[in-house]
Amino acid sequence: MSWSEAVEQIRSGNELNVEPLCAAVSECARAQLAQSVEPQAVDDHVQEVMIIVLAAIRSGELRDPLCLMGFVRTVTRRQVTVHIRRAIVNRRRLISVEATSAPIASGEESPEARLRVQERVAAIGIVLAHICPRDREILTRFYYEEQDSEQICLEMALTPTQFRLYKSRALTKCCELRRAQSAGAVTALNSLLSSGL
């Protein structure tokens with residue numbers, strides 16, 4: 552049986568061809584991942600590739616079954632990218648922890664600069680608290696945790712179009728809330744000054 556027939560049968564609900572398909576996907580992905588990912592992470596990424604490929608087949612996103620192995624290679628490359636991004640984020644966090652545990656040299660960062668950063672973080676936290684949980688999760692995972700959009704879509708059951716739309720609307724809402732926040736601070740300061748305090 553060809554991959555085209557296997558894909559069509561899986562798409563129509565026949566799960567008999569899932570096992571041979573998974574074996575082929577695993578073989579293709581493992582060979583590619585072994586070149587770029589440390590050995591202990593290969594199995595996890597192979598599983599993620601299989602989940603993404605099967606989801607794409609079942610949902611009809613894989614339009615041309617003849618391109619199955621090309622699609623597997625593309626998904627695998629993206630998993631390598633996700634792995635590298637995670638490694639970068641982890642390295643940044645490690646460096647950040649090491650930097651904060653080391654004594655600060657004079658003139659590196661003033662108390663005022665640290666206060667400004669804390670105020671910005673608090674302001675962002677307030678803005679995020681005022682948007683819906685789904686949008687907050689999308690923004691946090693994509694911008695703060697630097698997760699790949701495909702991973703977020705898969706884990707949150709979103710289509711790529713939904714992801715882009717929700718992210719765009721959430722960013723717009725955050726900008727509006729931030730402007731309102733800043734305007735509110737100016738209004739509060741003006742009222743304090745006019746009251747003579």
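The numbers in the working numbering rise by one with no breaks, and the one at position 39 of the sequence shown is 590.
Backbone N, C-alpha and C define an ideal beta-carbon position, used for all residues, glycine too.
{"Item": "I'd like the list of long-range same chain contacts for A721, defined as Cβ closer than 7 Å, with 5 residues on each side in sequence excluded.", "Value": "I682, D686, I689 and L690"}
{"Item": "For the alpha helix (DSSP H) holding D699, just list the boundary residues, first then last.", "Value": "Segment: none, D699 is in no alpha helix (DSSP H) and carries neither H nor E."}
{"Item": "Over what stretch of residues does the alpha helix (DSSP H) that includes C573 continue unbroken?", "Value": "V569 to L584"}
{"Item": "Leaving out five residues on either side along the sequence, give the residues of the same chain with a beta carbon under 8 Å from the beta carbon of G658.", "Value": "The predicted position of G658 is uncertain, since its pLDDT is 48 and thus under 50; no value can be drawn from it."}
{"Item": "Using DSSP with H/G/I as helix, E/B as strand and the rest coil, what is N565?", "Value": "coil"}
{"Item": "Would you grab the beta carbon distance between V623 and V569 for me? Rounded to a whole angstrom, and I think it's under 8 Å.", "Value": "No, V623 and V569 are not in contact; Cβ-Cβ is about 14 Å, not under 8 Å."}
{"Item": "For S604 and V588, which I take to be in contact (beta-carbon distance under 8 Å), what is that distance rounded to the nearest angstrom?", "Value": "Note that residue 604 is Val in the sequence shown here, rather than Ser. With 8 Å as the limit, V604 and V588 do not qualify as a contact, their Cβ atoms being about 17 Å apart."}
{"Item": "Quick check on this structure: which residue in R614, A606, Q669 and H596 has the alpha carbon closest to the alpha carbon of H634?", "Value": "H596"}
{"Item": "Here's the rule I'm using: 16 or more other beta-carbon atoms within 10 Å means buried, otherwise exposed. How should M601 be labelled?", "Value": "buried"}
{"Item": "What does the alpha-carbon distance come out to for the pair S563 and W554?", "Value": "14 Å"}
{"Item": "Quick one: residues in its chain with C-beta nearer than 8 Å to the C-beta of C573, no 5 flanking neighbours on either side, listed in chain order?", "Value": "M601 and L605"}
{"Item": "Once you ignore the five residues that flank I561 on each side, which residues in its own chain have a CB closer than 8 Å to its CB?", "Value": "N568, V569, L572, L605, I608 and R609"}
{"Item": "Can you check the stretch 575-644 for any alpha helix (DSSP H) of at least 4 residues that lies completely inside it and give the ranges in chain order?", "Value": "590-610"}
{"Item": "What are the boundary residues of the alpha helix (DSSP H) that includes I689?", "Value": "P684 to L690"}
{"Item": "In whole angstroms, what separates the C-alpha of L666 from that of T710?", "Value": "40 Å"}
{"Item": "Measure the C-alpha to C-alpha separation of A664 and A673 and round it to an integer number of angstroms.", "Value": "14 Å"}
{"Item": "Tell me which same chain residues have a C-beta within less than 6 Å of the C-beta of L740, skipping the five on either side of it?", "Value": "Residue confidence is low: L740 scores 45 on pLDDT, short of 50, so the model does not pin down where it sits. No coordinate-derived value is stated."}
{"Item": "Excluding the five sequence neighbours on either side, which residues of its own chain have a C-beta within less than 8 Å of the C-beta of C579, listed in chain order?", "Value": "M620, V623, R624 and T627"}
{"Item": "Between which two residues does the alpha helix (DSSP H) containing A680 stretch?", "Value": "P662 to A680"}
{"Item": "Answer yes or no: do T678 and R729 have a C-beta to C-beta separation smaller than 8 Å?", "Value": "The sequence shown places Val at residue 678, not Thr. Their beta carbons are under 8 Å apart, which means V678 touches R729 by this criterion."}
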